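Enquirer: Sharing a structure here in structure tokens format.
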Amino acid sequence: MNNQNKRIRLALTLGDPAGIGSEVILKALADPEVTQNCDLVVVGSRTLLTKNYEYISKNTDNSLALVNPADLSMIDIPTAGEIINGVGNAASGAASFAYMEYAIAQTLAGEFDGIVTAPIAKSAWKAAGYNYPGQTELLAQKAGVDRFGMLFVGRSPFTGWTLRALLATTHIPLRQVADTLTPQLLTLKLDLLVECLENNFGIKNGRIAIAGLNPHSGEMGQLGTEEIDWLIPWLESERQKRPHLKLEGPIPPDTMWVKPGIAWYGNSVIKNPADAYLALYHDQGLIPVKLMAFDRAVNTTIGLPFVRTSPDHGTAFDIAGKGIADATSMKAAIQLAVELVKQKV
């Protein structure tokens, strides 16, 4: 189906109501460039959204651009229990979980083309009795898929270059990473990444950089043997299976991000930066991504039957309700969701 001329309809979840979700949504939806190409429906508590709007308007710079909640299309899901700005608890966790459940169910039913999620607190979900590593895993379970991944996308404000970084493993303890990584898992993630580049970004015959696991990619077994035991043989096998792709690696983790850093900041000429980067664990990928693109990177879940994006930041309880949260990443998440829906085949 060609979605180029379709009016996109997105669900926008409020996230943890004790965090900055309300503020970044109110700021993002005040920008006409964000809302002109899609219909957005906020899923959350209208009372809490209005309370934050009134408080921020009263106690911060009056010139601050906020959309009035009364002007928003909204699915009002009342909250049980007291919500205090900056304090994530069982009540805020239950609320953010309810917002997600509604948005997912309605999207699967065809009411929305995709979901943009404001940040949640995993600890608050756990306090409310929901034991999920994060929103990504809930989305995958509800959608009934076991092939999914966390892809981070950011467009450089300096050069216009687009950074794409996929995580092979996500929210697991560091000590479990080496045991979790297998050739089968990396093949699954590489399949997802190639499909995403082709179907969502129009990139055929892509160049993909793949990180090593150990310092210096193991240095021939001196600093860890995973590379010579299975990672290098796996990569050689993938190169033979996918001759149309340019698969680079395993690149030492401390140097893999030099080229994307140059491509992002444009402080020298870089030839042939990769179209995407495959990091093997959470911090290996997200420390450099957030260093470069913290205020504009977008987390998108690939492998779902619908589009899902989210800002690349957390609930920021320490600044909730203060009117100083940056909505750039939320704006980028909405705009990327629209682009991905239009490209979806």
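In the numbering used here, the protein residues as written are 79 to 423. Using N, Cα and C, we set each Cβ at its ideal position, and we do this for glycine too. Remember, it's a predicted structure, so these values are computed and weren't measured experimentally.
Mapping the DSSP letters down to three states, classify residue 204 as helix, strand or coil.
Expert: Helix, per DSSP.
Enquirer: Enumerate in chain order the residues of its own chain whose CB-to-CB distance from residue 426 is below 8 Å, with the five nearest sequence positions on each side excluded.
Expert: Outside the shown range of the chain, which is 79 to 423, sits residue 426, and nothing can be said about it.
Enquirer: Could you give the uninterrupted runs of the alpha helix (DSSP H) lying entirely in the region 115-197, keeping only those of 4 residues or more?
Expert: Complete alpha helix (DSSP H) runs here, min 4: 124-137, 168-186.
Enquirer: Quick check on the burial criterion: 16 or more other C-beta atoms within 10 angstroms. Buried or exposed for residue 98?
Expert: When all chains shown are included, residue 98 counts as buried.
Enquirer: Which two residues bound the contiguous alpha helix (DSSP H) that contains residue 367?
Expert: First-last of the alpha helix (DSSP H) with residue 367: 360-371.
Enquirer: Does the Cβ of residue 85 have 16 or more other Cβ atoms within 10 Å, making it buried, or fewer, making it exposed?
Expert: Label assigned to residue 85: exposed.
Enquirer: Pick helix, strand or coil for residue 349, following the three-state DSSP scheme.
Expert: Coil, per DSSP.
Enquirer: State the CB to CB distance for the pair residue 356 and residue 267, rounded to an integer number of angstroms; the pair is presumed to be in contact (CB under 8 Å).
Expert: Contact flag correct, Cβ pair sits at about 7 Å.
Enquirer: Starting from the C-beta of residue 113, find all residues in its chain whose C-beta is less than 7 Å away, skip the five residues before and the five after it, and write them out in chain order.
Expert: Closer than 7 Å at Cβ, skipping near neighbours: 107.
Enquirer: Might you give, ordered along the chain, the residues of its own chain that have their beta carbon closer than 6 Å to the beta carbon of residue 421, omitting 5 neighbours on each side?
Expert: 278.
Enquirer: For residue 100 versus residue 118, is the C-beta spacing smaller than 8 Å?
Expert: No, they are not a contact pair.
Enquirer: What did DSSP end up calling residue 407 once you bin it into helix, strand or coil?
Expert: Helix, per DSSP.
Enquirer: If we ignore side chains and look at the alpha-carbon of each, how far apart do residue 146 and residue 400 end up?
Expert: About 17 Å.
Enquirer: State the DSSP-derived secondary structure class of residue 354, mapped to helix, strand or coil.
Expert: Strand.
Enquirer: Is the region 373-388 in contact with the region 220-232, if contact means three or more CB pairs nearer than 8 Å?
Expert: Counting Cβ pairs under 8 Å, three or more are found: they touch.
Enquirer: What do you get for residue 226, buried or exposed, if any count of 16 or more other CB atoms within 10 angstroms of its CB means buried?
Expert: By the 10 Å Cβ count, residue 226 comes out buried.
Enquirer: Could you pull out every unbroken beta strand (DSSP E) segment of at least 3 residues lying fully inside the region 243-330, listed in chain order?
Expert: Segments of the beta strand (DSSP E) lying fully in the region 243-330: 285-289, 324-329.
Enquirer: Is DSSP giving residue 344 helix, strand or coil here?
Expert: Coil at residue 344, not helix or strand.
Enquirer: Shortest alpha-carbon distance to residue 95 belongs to which of 351, 116, 158, 143?
Expert: Per the Cα distances, 158.
Enquirer: Hey, quick one: how far does the alpha helix (DSSP H) through residue 91 stretch, first residue to last?
Expert: No alpha helix (DSSP H) contains residue 91, which is instead part of the beta strand (DSSP E) from 86-91.
Enquirer: First and last residue of the alpha helix (DSSP H) that includes residue 110?
Expert: From DSSP, the alpha helix (DSSP H) with residue 110 extends over 110-113.
Enquirer: Have a look at 390, 379, 93 and flag the residue whose alpha-carbon is nearest the alpha-carbon of residue 224.
Expert: Nearest of 390, 379, 93 to residue 224, Cα basis: 379.
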